[in-house]
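S.K.: I have a structure I would like to understand better, so I am pasting it below and will then ask my questions one at a time.
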Amino acid sequence: MTKLLEEAIAQVKQLPESEQNRIAAMLIKQLESRSPEYDFWDEFDQILEECQMNTGISDLSYQHDHYIHGLPKRELES
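Heads up, the sequence shown is in numbering that gives the first Met the number 0, so the first residue is 0 and it goes up one at a time.
Take a look at the structure:
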């Protein structure tokens, strides 16, 4: 068991029984809703996808020094 989990359990033990039951039910529901194939990186990719914005600049990552610092554009590699 990790130290973080131990700390969380210690804090939950200090709560009234009704709050402990509410937290336990929430955790169980969360764990049961995860698929057996759950992958953190899939969830991380989904979050990144939701946060993306269209800048209209197709070469932004390649030419970031040009757009951010005003340097000349790099030549495209073939």
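Think of the CB as a built atom: it goes at the ideal place given N, C-alpha and C, for glycine as much as any other residue.
#1: Report all residues from its chain with a CB closer than 7 Å to the CB of Gln100; omit the five preceding and five following residues, and keep chain order.
#2: Taking the alpha helix (DSSP H) that Gln19 falls in, what are its first and last residues?
#3: Can you tell me whether DSSP reads Tyr61 as helix, strand or coil?
M.R.: On the basis of the coordinates in this document:
#1: The requested residue 100 is not part of the displayed model; the chain covers only 0 to 77.
#2: Glu16 to Ser32
#3: In the three-state reduction of the DSSP assignment, Tyr61 falls in the coil class, being assigned neither a helical nor a strand state.
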